[in-house]
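Protein chains in written order, with this note's numbering: chain A, 1 to 305; chain B, 1 to 393.
In structure tokens, the structure reads:
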């Protein structure tokens with residue numbers, strides 16, 4: 001069964017360069033790009049107006065993440081600088097500019113207290129943002145570039161993907177790897193836990209999405225259909241659907257029940273660097289995509305009527 | 001013109017020519033240069049005779065960390081606000097190091113004096129190898145030669161000292177030298193060293209439809225490319241000033257033909273998809289950070305970027321053939337960040353947003369690729385270039 005998602009607007013050419021990362025709160029979408037400013041757009045207004053420019057990263061920014069409440073955000077720039085942001089009534093301001101090892105990819109815990117990061121030399125670290133960015137965990141892996149990281153929604157696990165194709169899961173309580181995962185043969189570029197924490201999805205240059213069962217570490221499915229490198233993944237809020245974006249501009253929606261691709265969007269041939277589901281409005285779910293087209297495109301599920 | 005100049009010009013029938021008129025004077029000695037040298041040497045000599053302390057004071061440009069770089073919007077060249085400082089070298093000085101510095105300055109001045117008086121062009125390398133132990137390194141010679149030019153207030157070529165050329169050129173052009181000799185490279189399949197621009201009166205490129213390539217030396221491609229006949233030039237890495245001067249001269253020689261102005265020859269850069277490739281292209285188009293004073297007469301605003309782009313590389317890579325991609329080294333990543341942070345060419349409000357994004361995509365994907373990657377694709381490197389140029393039309 002296929003699903004239909006309709007384009008319902010976009011913030012066009014909003015950044016002068018590629019948009020590399022998106023983060024969402026209940027009412028806003030934050031975007032990081034190769035320019036020197038993050039942008040904040042409102043997602044409650046159908047025109048998606050720009051509400052704030054956050055200048056911070058002179059040589060560009062590649063990751064931005066938010067916590068569950070939408071009160072804290074963290075961005076990482078190409079120069080290696082990490083900026084912590086706080087939101088008061090929807091207005092963002094810079095809290096701090098810090099240097100955290102050679103961190104590349106980051107994930108923020110739901111309560112915003114812990115920042116997990118994968119470093120360029122393959123370490124997985126956790127910092128306590130409420131205690132002066134104290135480093136509270138440092139897991140060493142085999143040294144391969146940490147390209148992506150995610151925290152499970154309950155905060156119990158961290159997953160990281162590496163250039164070597166390795167995928168690791170760590171328990172945040174014990175600091176140990178509960179099991180080793182089979183990994184992929186080529187660089188992994190995205191890892192994402194399902195909302196219930198039952199699955200971990202991983203994808204990258206192998207052009208397949210692999211689903212792991214997080215209770216056993218077994219690979220339970222592999223979703224094939226992309227014909228280019230997969231750069232980004234996002235789970236829908238119910239965990240029914242997985243969203244993926246690839247270097248050739250394709251965006252796909254996958255049904256987890258049937259393990260099939262239920263929708264493909266190819267409005268652009270330019271790389272999709274980031275996809276994110278948006279907060280549910282009524283019964284209808286929607287998502288945002290961004291990348292080398294320099295726009296943020298918004299899609300909503302077509303409700304039968 | 002100096003009628004006595006004895007050009008060692010190869011016969012025009014020899015094709016291709018070796019580097020033409022390598023050691024010949026193309027104009028009378030610059031009186032300003034002669035006057036400076038003679039006065040300086042005279043003052044040093046009289047101090048020595050009177051057992052005083054001879055001294056030579058030279059201007060030097062301050063290091064790049066102290067100056068701001070801009071891309072001049074009027075001519076597209078990379079320029080800097082740089083300060084000059086004076087350094088005085090005295091004999092015997094207060095220690096052996098000072099004595100050595102004075103000795104080096106004097107010997108280099110003597111070498112320049114000889115070159116200017118005899119009308120022979122020498123290279124920085126010639127000076128260094130005349131006494132490598134004394135000079136210690138090539139860069140010391142280079143710095144002193146540049147300082148003398150700055151102090152006298154002339155271009156280095158007025159000192160009859162040139163950098164050793166390393167660039168190569170092949171292609172469909174004729175050179176007309178300052179003595180009206182014609183060097184025809186049109187039928188040649190061999191490349192030759194970049195000629196000195198001081199020796200070139202004009203370059204005849206009447207039949208050329210497109211022009212500059214870097215780092216491509218496939219035989220005869222300049223004669224059989226789909227876009228038309230052209231000229232291939234390589235600087236073998238970062239271009240030297242001679243190579244840049246030659247291309248600039250070429251660009252000044254090429255005018256759109258009145259019959260088809262839209263078919264004006266074009267200048268393309270073909271560089272590796274890595275930070276050095278991008279930096280080399282920037283050196284051709286805007287100039288180098290080391291020679292900002294010379295950039296406005298060497299830059300090439302019309303240069304277009306042919307490739308290699310990350311997007312071509314990644315999209316073109318078939319399943320299972322990603323092996324040709326190379327992981328960025330730590331040095332590559334540091335170099336990219338430094339380029340983005342320091343040079344106005346890559347700035348967010350700078351002239352080359354696409355170049356900026358390209359560097360950022362490299363960082364994102366952590367890969368680079370060399371031009372050779374196209375050898376194995378459909379149509380090979382030549383086919384790929386033909387397609388890219390057609391797309392540019």
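Every residue gets a Cβ at the ideal spot worked out from N, C-alpha and C, and that includes glycine.
Remember, it's a predicted structure, so these values are computed and weren't measured experimentally.
Residues bridged to residue i [DSSP beta-bridge criterion]
i                      : result
residue 286 of chain A : A:300
residue 92 of chain A  : A:87
residue 41 of chain A  : A:29, A:50
residue 169 of chain A : A:159
residue 73 of chain A  : A:66, A:85
residue 200 of chain A : A:193, A:212
residue 367 of chain B : B:327
residue 21 of chain A  : A:32
residue 125 of chain A : A:117, A:138
residue 258 of chain A : Answer is none; residue 258 of chain A lacks a bridge partner.
residue 387 of chain B : Note: residue 387 of chain B sits in no beta bridge, so no partner.
residue 86 of chain B  : B:59
residue 78 of chain A  : DSSP, once it has assigned bridges, lists no residue as partnering residue 78 of chain A.
residue 3 of chain A   : BP columns for residue 3 of chain A are empty, so no partner.
residue 32 of chain B  : BP columns for residue 32 of chain B are empty, so no partner.
residue 276 of chain A : A:288
Partner residues on chain B for residue i, Cβ-Cβ distance less than 8 Å
i                      : result
residue 228 of chain A : 314, 315
residue 248 of chain A : 315
residue 62 of chain A  : 360, 363, 364
residue 163 of chain A : 327, 366
Beta-carbon neighbours of residue i, restricted to chain B and to distances below 7 Å
i                      : result
residue 79 of chain A  : 337, 341
residue 59 of chain A  : 337, 340, 341
residue 306 of chain A : A question about residue 306 of chain A goes unanswered here, because the residues of chain A that appear run from 1 up to 305.
CB-CB length for residue i against residue j, believed under 8 Å
i                      : j                      : result
residue 344 of chain B : residue 70 of chain B  : 5 Å
residue 271 of chain A : residue 292 of chain A : 4 Å
residue 383 of chain A : residue 364 of chain B : With chain A running from 1 to 305 in the structure shown, residue 383 of chain A is simply not present.
residue 235 of chain A : residue 247 of chain A : Actually they are not in contact, since the Cβ atoms of residue 235 of chain A and residue 247 of chain A sit about 21 Å apart, beyond 8 Å.
residue 209 of chain A : residue 41 of chain A  : The pair is not a contact, with the Cβ atoms about 28 Å apart (cut-off 8 Å).
residue 287 of chain B : residue 233 of chain B : No, residue 287 of chain B and residue 233 of chain B are not in contact; Cβ-Cβ is about 17 Å, not under 8 Å.
Under 9 Å by beta carbon: chain B residues contacting residue i
i                      : result
residue 150 of chain A : Within 9 Å Cβ-Cβ: nothing; residue 150 of chain A doesn't reach chain B, min ~18 Å.
Nearest residue (CA-CA) to residue i, options the options
i                      : options                    : result
residue 163 of chain A : A:122, A:178, A:179, A:135 : A:122
residue 59 of chain B  : B:160, B:341, B:147        : B:147
residue 123 of chain B : B:156, B:30, B:51          : B:156
residue 60 of chain A  : A:34, A:71, A:39           : A:34
residue 37 of chain B  : B:130, B:376, B:105, B:53  : B:105
residue 18 of chain A  : A:290, A:87, A:230, A:104  : A:290
residue 93 of chain B  : B:102, B:87, B:85          : B:102
residue 114 of chain B : B:159, B:87, B:153         : B:159
residue 140 of chain A : A:125, A:66, A:21, A:151   : A:125
residue 11 of chain A  : A:51, A:176, A:95, A:279   : A:51
residue 95 of chain A  : A:72, A:300, A:256, A:251  : A:72
residue 81 of chain B  : B:143, B:349, B:61         : B:61
residue 424 of chain B : B:310, B:112, B:119, B:56  : Outside the shown range of chain B (1 to 393) lies residue 424 of chain B, about which nothing can therefore be said.
residue 371 of chain B : B:86, B:313, B:248         : B:313
Neighbouring residues, chain A, relative to residue i (Cβ below 7 Å)
i                      : result
residue 357 of chain B : 17, 18, 34
residue 396 of chain B : Residue 396 of chain B cannot be examined here, being either before or after the span of chain B that is shown, 1 to 393.
C-beta contact flag for residue i and residue j at 8 Å
i                      : j                      : result
residue 381 of chain B : residue 356 of chain B : no
residue 245 of chain A : residue 232 of chain A : yes
residue 108 of chain A : residue 85 of chain A  : no
residue 270 of chain B : residue 284 of chain B : no
residue 93 of chain A  : residue 32 of chain A  : no
residue 206 of chain A : residue 186 of chain A : yes
residue 242 of chain A : residue 212 of chain A : no
residue 28 of chain B  : residue 117 of chain B : no
residue 214 of chain A : residue 169 of chain A : yes
residue 108 of chain B : residue 141 of chain B : yes
residue 48 of chain A  : residue 298 of chain A : yes
residue 146 of chain A : residue 190 of chain A : no
residue 367 of chain B : residue 326 of chain B : yes
residue 295 of chain B : residue 84 of chain B  : no
residue 24 of chain A  : residue 279 of chain A : yes
residue 103 of chain A : residue 82 of chain A  : yes
Per-residue contacts from residue i into chain A (C-beta, under 8 Å)
i                     : result
residue 68 of chain B : Result: empty, since nearest Cβ-Cβ is about 15 Å, beyond 8 Å.
The ligand NAP heavy atom lying under 7 Å from the CB of residue i
i                      : result
residue 377 of chain B : With respect to the ligand NAP, the structure offers nothing, as it holds no ligand at all.
Interface residues of chain A facing residue i [CB-CB closer than 9 Å]
i                      : result
residue 348 of chain B : 16, 17, 34, 35, 36, 37, 58, 59, 60
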